Every structure is written in C-alpha cells, then in structure tokens.
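Encoded as structure tokens, the structure appears first; notes follow it.
Residue numbers (the working numbering): 923 to 1375.
So this is what it looks like as structure tokens:
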C-alpha cells in the first residue's frame, strides 16, 4: 500500500511537471524525422551526397520509431519509455546513435558543399568583372579618338614627363650610381600605384555619393591598381614586394566587392590596399635615401647616350608654348652628349661637370612639365564634363551583367559562406561590423546555388 501511495505521488509530480500536452518520445521522434524529410527534399539535387546520408538517417529513425511506445501507456514511473524487452531497448538505442551519426555526417557534407559553392560564386564574380573591364577598355579606346584638344595635350605632356623620368634614371646609371637608379625605379613604380589608388578612391566616392550610375568605373579603376601593384612588386625589394602583393590582393578584392555592390566590404579592402601601398612607399623612400649615400662608380657611356636620346624625344613632345621646358630639355640633351664625349676621352673632370648640368636640366624640365600637365588636365576635365552623361551611358552599355544580378550574386555568395561555417560558429566579421547576420540554415542555403544560377 505504501509503495502504491509513493507511486501515486510520483505520478502526480510527473503530471505537474509535464502536463497533459507534453509529447511522447515517439511523437518527438516523428517531428525530427519530418524535419529530416524536408531537408532531404531540399538538398537531393544540389548535394546528393548529403541526401544519401539523410536517407540513411531516415531509415535509422524509422527503426527507432518502430521500437518506441506510441502512447503514454508505455512509460515507466520516471517518465522514460517502457520497452517490451531489453533487446528492443538496445536496438532502439543503436538505431538512435546511427541516426545521430548520419545527421552529423550530412551536416558536415552540407557545409562542405556550401563552402565549394561560395568559392565558385566568388570565382564567377571575378570572371564577370574581367569581362566588364575588357569591354570597358575597348569602349574607352574608341572614345579617346574623339577627345578634346586639351585632353590630347595632357596626354602628350604625360608622355614627355615619362621620358624625362626615364632620362633621370638613366642619368643615375651614367654617373655610376646603379643602386640609386634601381631604387628610383622601384620608388617611381610605387608612386604610380599610389596615384592609381587615389583615382580608384575618387571613383568609389562618386559611386557612394550617387554621382556614378553604376559600379563599373570604380571596379575597373580598382582592378587596374591590382595589376599595377603586381607589376611594381617585380622590381621592388623583398620587403616592398610583400606589401605590394598584399596591396594587389586587397585591390582585387575591392574591385570584386565594388562590382557586387557590397560597399562595406569594398571600403575595408580599399583601406587595406592603401595601408599596404603606404608601407611599400615608406620602404622605397628609405631605400632611395640609403642609395643616395653610395659612392659613384665608373661612368656609363651607354646610359649617357640614352639620356641624350630620351631628352630629345621629350623635347619633340613638348608644345612650343612651353619654352622653359623646351629650353631645359635642349640643355639636358647637349650636356648629356658632352658627358658622353668626355667619357670617351676619359676626361673625368669634364664628365662630372657635364653630368651635373644634365641632371639639373632634367630636374628643371620635369618641374615645368608637371605644372603644364596639371593645367592641361584641368582644362580637359572641364571640357569632358559637358559630355559626361554620354560617356557614362556608353560605359554602362559595356557591362556583361547588370548590377542587380551582381548584387544578387553577392548575396547568394554570402549565404553560402555563412552556411559553410561549422556548427556553433558564425562567419568572421571585419572590424567595425558589429552586428553579424545570423547564419543561413543549411536547408535554405542548399538552394542558394540554384538561385544564383
């Protein structure tokens, strides 16, 4: 009787805790199986390996369900299911373990599949960006033929300035300062990358402010930075080359994210590119300072002749209305020739004097050309502003994909990347992004590749 009373007390406590509506273990097992069935339907096409694992898990669940009591009548005093025999209990436990293992394997396979999908989507975005950039270059080449006279003059002055810069490098070689010449070349390359990044930043700002109608210009500008940084790394010191390659990688990422419409990620990538370029510039400047301390070696007649040749070519490109630059280039050419003759005659004193004058003349020409180039570029910008709408329309027509599709592609990529995270983890967030989006459930993420397609 006492045992019966205790049992009644236990039953009452069990009722108080669970209530009449608490599902049985069999009902809960059925709910799990239903979820698994739905997931399996969603992944069979895109992730057949995961689907096979889920099918095995379903079979194991059916085995568990067959052994479980189907009502509260099959419960023990503690509320646990009362099996007909120990053998049924053992078989149910084994089937439950098998189901759990197969579910875990299926989840791992889904994460693997979505990780591969994320990679494929990223590659697709990069390929589309390459197509757009190539088409845009072709259109811009056609547009350049109808450029205003001020734009043509600015380009001509740019070519003259580049020849003067090369002449200055050759002059260092002619003076026997090979290390200084190499350091200057490397520093010039880094400076060019920095200028291109500034242009890319300006294009991105126009896009963010709504002045640009599509991301094509900003993406193409940033991609050009990536290519220039890779090229500059080839002639840089190991330390500077490492920074330039990092800049190239960040610039390429910025181009892709800009094209996809992901402003936050694009700005983070641009910032990383700027930081790496600045570090490379500091390294290059230090190398130039160190090289300036080297003692000159034997004069190089071949390089000295090259200086005279480049100065003459720059003079031909210099407009007649820039007499100061033209005069400086003429002096540079004459002094370079005098230095070359002195090298032939082994006249060290005359060589040094002529080389010094040639170097000064080249510096003066570079300064005059830079001022004229700025004025010409300003005039060209004013003239081109009148046709800006037409140019933007033509540039937009070069897109191989429309921006809306690019944005949808990026969103699908993000969903796939989130689904690829191991269970219990969230995708890594960039600094400054405080509220990460919740991970996409695997069942939903499995459909993302087909949606993107």
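Glycine is no exception: its CB is placed at the ideal position from the N, C-alpha and C atoms. Since the structure is predicted, the reported quantities are computational estimates derived from the model, not experimental observations.
Confirm, please, whether the CB-CB distance from residue j to residue i is below 9 Å.
| i | j | result |
| --- | --- | --- |
| residue 1085 | residue 1232 | yes |
| residue 1158 | residue 1083 | no |
| residue 869 | residue 1179 | The chain is shown only over 923 to 1375; residue 869 falls outside these bounds and no answer can be derived. |
| residue 1203 | residue 1147 | no |
| residue 1222 | residue 1095 | yes |
| residue 1213 | residue 1102 | yes |
| residue 1152 | residue 1166 | yes |
| residue 1192 | residue 1119 | yes |
| residue 1264 | residue 1284 | no |
| residue 1093 | residue 1280 | yes |
| residue 1229 | residue 1089 | yes |
| residue 1172 | residue 1194 | yes |
| residue 988 | residue 1020 | no |
| residue 1035 | residue 971 | yes |
Closer than 8 Å by C-beta to residue i: which residues in its own chain qualify, once you throw out the five before and the five after it? Chain order, please.
| i | result |
| --- | --- |
| residue 1080 | 1295 |
| residue 1200 | 1116 |
| residue 1156 | 1163 |
In three-state terms, what does DSSP make of residue i?
| i | result |
| --- | --- |
| residue 1291 | helix |
| residue 1269 | coil |
| residue 1243 | coil |
| residue 1221 | coil |
| residue 1152 | helix |
| residue 1281 | helix |
| residue 1345 | Because the pLDDT of residue 1345 is 44, which lies under 50, any placement of that residue in the model is unreliable, and the number read from its coordinates should be weighed accordingly. Of the three classes helix, strand and coil, the one that applies to residue 1345 here is coil, per DSSP. |
| residue 1007 | coil |
| residue 1137 | coil |
| residue 1126 | helix |
| residue 1016 | helix |
| residue 1022 | helix |
| residue 1132 | coil |
| residue 1184 | coil |
| residue 1097 | coil |
| residue 1254 | helix |
| residue 1159 | coil |
| residue 1216 | coil |
| residue 1207 | helix |
To the nearest angstrom, how far is it from the Cα of residue i to the Cα of residue j?
| i | j | result |
| --- | --- | --- |
| residue 1183 | residue 1124 | 16 Å |
| residue 1114 | residue 1252 | 27 Å |
| residue 1323 | residue 1142 | Interpretation of residue 1323 is limited by its pLDDT of 45, a score under 50 that renders its predicted location unreliable; no figure is taken from the coordinates. |
| residue 1091 | residue 1262 | 16 Å |
| residue 1110 | residue 1116 | 10 Å |
| residue 1131 | residue 1185 | 11 Å |
| residue 984 | residue 1008 | 19 Å |
| residue 980 | residue 1022 | 10 Å |
| residue 1297 | residue 1210 | 30 Å |
| residue 1030 | residue 1134 | 43 Å |
| residue 1164 | residue 1197 | 13 Å |
| residue 1292 | residue 1190 | 33 Å |
| residue 1128 | residue 1177 | 15 Å |
| residue 1018 | residue 1011 | 10 Å |
| residue 1208 | residue 1100 | 16 Å |
| residue 1270 | residue 1260 | 12 Å |
| residue 1282 | residue 1224 | 20 Å |
| residue 1181 | residue 956 | 41 Å |
| residue 1078 | residue 1238 | 10 Å |
| residue 1154 | residue 1160 | 12 Å |
| residue 1215 | residue 1226 | 21 Å |
| residue 1290 | residue 1242 | 13 Å |
| residue 1301 | residue 1074 | 11 Å |
If I measure Cβ to Cβ from residue i and keep anything under 6 Å in the same chain, skipping five residues before and after, which residues do I get?
| i | result |
| --- | --- |
| residue 1097 | 1218, 1277 |
| residue 1162 | 1202, 1205, 1206 |
| residue 1240 | 1082, 1247, 1248 |
| residue 1236 | 1082, 1085, 1086, 1251 |
| residue 928 | In this prediction, residue 928 scores a pLDDT of 48, lower than 50, which makes its location untrustworthy; no coordinate-derived value is stated. |
| residue 1122 | 1143, 1144, 1147 |
| residue 1174 | 1148 |
| residue 1025 | 979 |
| residue 1272 | 1264 |
For residue i, which residues in the same chain have their Cβ closer than 7 Å to its Cβ, ignoring the five residues on either side in sequence?
| i | result |
| --- | --- |
| residue 1220 | 1098 |
| residue 1299 | 1076 |
| residue 1274 | none |
| residue 1027 | 975 |
| residue 1150 | 1114, 1115, 1118 |
| residue 1016 | none |
| residue 959 | 980 |
Measure from the C-beta of residue i to each C-beta in chain B and report whether the shortest distance is under 9 Å.
| i | result |
| --- | --- |
| residue 1167 | This model lacks chain B altogether; it includes just one protein chain. |
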